[in-house]
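Trainee:
Residue numbers (our numbering), protein chains in the order written: chain A, 25 to 439; chain B, 18 to 328.
(1) Quick check on the burial criterion: 16 or more other C-beta atoms within 10 angstroms. Buried or exposed for residue 22 of chain B?
(2) Distance cutoff 8 Å, beta carbons only. Does residue 254 of chain A sit that close to anything in chain B?
(3) Have a look at B/94, B/215 and B/263 and flag the residue whose alpha-carbon is nearest the alpha-carbon of residue 117 of chain B.
(4) Out of A/32, A/194 and A/94, which one is the CA nearest neighbour of residue 192 of chain B?
(5) Answer with yes or no whether the minimum CB distance from residue 306 of chain A to chain B is below 8 Å.
(6) Should residue 177 of chain A go down as buried or exposed, given a rule of 16 or more other Cβ atoms within 10 Å for buried?
(7) Using the rule of at least 16 other Cβ atoms within 10 Å of the residue's Cβ for burial, across every protein chain shown, is residue 19 of chain B buried or exposed?
(8) To the nearest angstrom, how far is the alpha carbon of residue 435 of chain A from that of residue 37 of chain B?
(9) Give a yes or no on whether the minimum CB-CB distance between residue 35 of chain B and chain A is below 8 Å.
(10) If I measure Cβ to Cβ from residue 127 of chain B and keep anything under 6 Å in the same chain, skipping five residues before and after, which residues do I get?
(11) Going along chain B, which residues have a C-beta under 9 Å from residue 417 of chain A?
(12) Taking only the alpha-carbon atoms, compute the straight-line gap between residue 206 of chain B and residue 57 of chain B and give it to the nearest angstrom.
(13) Listing by chain order, which chain A residues have their CB less than 7 Å from the CB of residue 216 of chain B?
(14) Is residue 234 of chain A close to chain B, meaning its C-beta is less than 8 Å from at least one C-beta of that chain?
(15) Could you tell me if residue 385 of chain A is buried or exposed, where buried requires 16 or more neighbouring beta carbons within 10 angstroms of its beta carbon?
(16) Taking all protein chains shown into account, do 16 or more other C-beta atoms lie within 10 angstroms of the C-beta of residue 331 of chain A, making it buried, or fewer, making it exposed?
(17) Measuring only between beta-carbons, confirm whether residue 260 of chain A sits less than 8 Å from chain B.
(18) Can you list the residues of chain B that residue 435 of chain A reaches, using a CB-CB cut of under 9 Å?
(19) Are the beta-carbon atoms belonging to residue 403 of chain A and residue 370 of chain A less than 8 Å from one another?
(20) On a Cα-Cα basis, can you pick out the residue from A/374, A/265, A/55 and A/356 that is closest to residue 390 of chain A?
(21) Going by beta-carbon coordinates alone, are residue 199 of chain B and residue 175 of chain B separated by less than 8 Å?
(22) So, at 8 Å on beta carbons, what are the nonlocal neighbours of residue 65 of chain A in its own chain, with the 5 sequence-adjacent residues on each side left out?
(23) If we count the other Cβ atoms within 10 Å of its Cβ and call it buried at 16 or more, is residue 71 of chain A buried or exposed?
(24) For the stretch 26-44 of chain A, which residues have a beta carbon sitting closer than 8 Å to at least one beta carbon of chain B?
(25) Can you give the Cα-Cα distance for residue 440 of chain A and residue 30 of chain A, rounded to whole angstroms?
(26) Provide the residue span of the beta strand (DSSP E) that contains residue 436 of chain A, from first to last.
(27) Under 7 Å between beta-carbons, which chain A residues line up against residue 50 of chain B? List them in chain order, please.
(28) Select from the stretch 378-398 of chain A all residues with a C-beta closer than 8 Å to any C-beta belonging to chain B, and list them in chain order.
(29) Return the residue from the list B/170, B/195 and B/164 that minimises the CA-CA distance to residue 216 of chain B.
(30) Can the beta-carbon of residue 158 of chain B be found closer than 8 Å to that of residue 69 of chain B?
(31) Identify, in the order they occur along the chain, each residue of the same chain with its Cβ nearer than 7 Å to the Cβ of residue 321 of chain A, setting aside the five sequence neighbours on each side.
(32) Could you tell me if residue 297 of chain A is buried or exposed, where buried requires 16 or more neighbouring beta carbons within 10 angstroms of its beta carbon?
(33) I'd like the span of the alpha helix (DSSP H) that includes residue 217 of chain B, first residue to last.
(34) Check whether the Cβ of residue 293 of chain B lies closer than 8 Å to any Cβ atom in chain A.
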């Protein structure tokens, strides 16, 4: 089954939860007992319509305040595809969750309230989608029922977003603008009769037709070793398998590989998955690989093709999104987790804060606060084996961990 | 030998593209073993934990599963589940740890519920926390899925718990790309959910595809039952409370989840094999946990239990 991962972003009251509820309802993905619960709750609260946000707002605090606090994952399917939605909150203080949700998404939906148009939050959401280089972005212009389904309103918002796109770094993003009313169901699953001027697809039609293969993920093959499998049984006495997931490209038995960081060369002897052997494995596959030679390989090492070696360095330049209430400061030390590799990292330079409202950068700031994005330089306790984020998302990203709290405090995108 | 055979037979073209969900689950299992000292797989005998066992096998093959299985036994399990559990463990050659809720009831540490909806489901938490402390487990792998329930939809793959097993739902670590941060302090532990992103239908399809054996109560069978609040309860066993006036009839039923007998209702079904079960789930208009009375106690039932350390 093909799986399409979707992230949603919007401000408070843009109707994001309502939109998701509407998608579930119109695709008949809500089971009777869930629908009954929503009907009953809506009645209890005296609403004269079904409050679909009740389908997704899972935490007590969220239902009390009528807002979404944490990333929720919602699953549904149509005959052609499975969909996973990461529903991320729109508040300023929870922006880190949007980065979290969007990091694994193939497509992102940015909601805009047609009455308010493009606001500061929209800039931020658009910026993050661009920073994360999400290939497909849907601009869902919602609450069209409250602006008399006005084509003019729609065009103003479209123009503003296109202007943002022209100022963005990643230009290959596919933007799709859809005017809708999630509450009334216009252009979500069913085509609206109230906006004959809109000739494009409905949201679901668009999502159904998107390619699930993340094309931007095709690059050179990277095989970070998670763990070494040594059965130590008589049947597999000499078996020494390297367990990991293949990123970027495919691997084939016989490929000449370099073991990094030692750069020792060998050949792929076998590719195993459970109790069978294969001649080649596609990217995205978790497999076990054995090598022709008895070389020293351990967790954090990486197998790559000999002529496709990534950068091996003890210094990294990156853009970072800060996710902790204690700000990032120069000369502080953190743990860095790059894929399955760990090291210590010291912030040697905080070059700038990048304004997510596209108003420029602030140079040489003293600190980077929660939800701010900036450019930094890191010095590492050992060399890491990395690519630029634009070449390989998995091997071009990292997280920073505060050694005192063990919390994940930032996510970095390598330049 | 097996490998030699395959090589000669198929060496020319055998390409593998591991399914995205399966690949993700295997990746998570391997991270657990690499990042933690003492992991354990919580095994209930239900379809989700049976699926986990198969994925763990795949993650480490040809080595054995490198951690024990642990069953928190409420004493109210379906006998078919226990029989199945013991057979599976024997086949795999892994260690099984069983801890009984009954022990805590006997010693007076927890009080058993009484009345119509009495269930030992909540009491499992205390026994689980005791066992984590007894063995010093730092990672407990479970089969919870995000599609099951609203609070679970917000759960992380590596979910940190404190000394009291508490879930701080408003202060969860962000999980970006597929990097998993398993760093914890002494006394903390992590709950790990490798099939977070699977749906009920995904699990059933996988069981069918992989031809995995599951306990017989998942398939339609004749059972003495009675109806209460629109749900069908097993009348075979004395642990399920029944009023005298509630009429017992033999019905063709199966169980969609296999929890404690006292809180797991049956559904009418004629799905006697796995293909029919998959078909039935696909067409179902009632959610999986719709047959779990423990979730119906209040809208926030699951979230409250999770804060207290429930799985």
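Idealized CB from N, CA, C, for every residue including glycine.
These numbers were taken from a predicted model, which means no experiment stands behind them.
Mentor: By the coordinates alone:
(1) With a pLDDT of only 36 at residue 22 of chain B, under the threshold of 50, the placement of this residue in the model should not be trusted; the figure read from the coordinates follows. Per the 10 Å Cβ criterion, exposed.
(2) yes
(3) B/94
(4) A/94
(5) yes
(6) buried
(7) Residue confidence is low: residue 19 of chain B scores 35 on pLDDT, short of 50, so the model does not pin down where it sits. Its coordinate-derived value is still stated next. By the neighbour-count rule (16 or more Cβ atoms within 10 Å), residue 19 of chain B is not buried but exposed.
(8) 23 Å
(9) yes
(10) 121, 140 and 143
(11) 194
(12) 11 Å
(13) 99
(14) no
(15) exposed
(16) exposed
(17) yes
(18) 191, 193, 194 and 196
(19) yes
(20) A/374
(21) yes
(22) 75 and 78
(23) exposed
(24) 27
(25) Residue 440 of chain A is absent from the model: chain A starts at 25 and stops at 439.
(26) 432-438
(27) 251
(28) none
(29) B/164
(30) yes
(31) 249, 252, 266 and 283
(32) buried
(33) 217-227
(34) no
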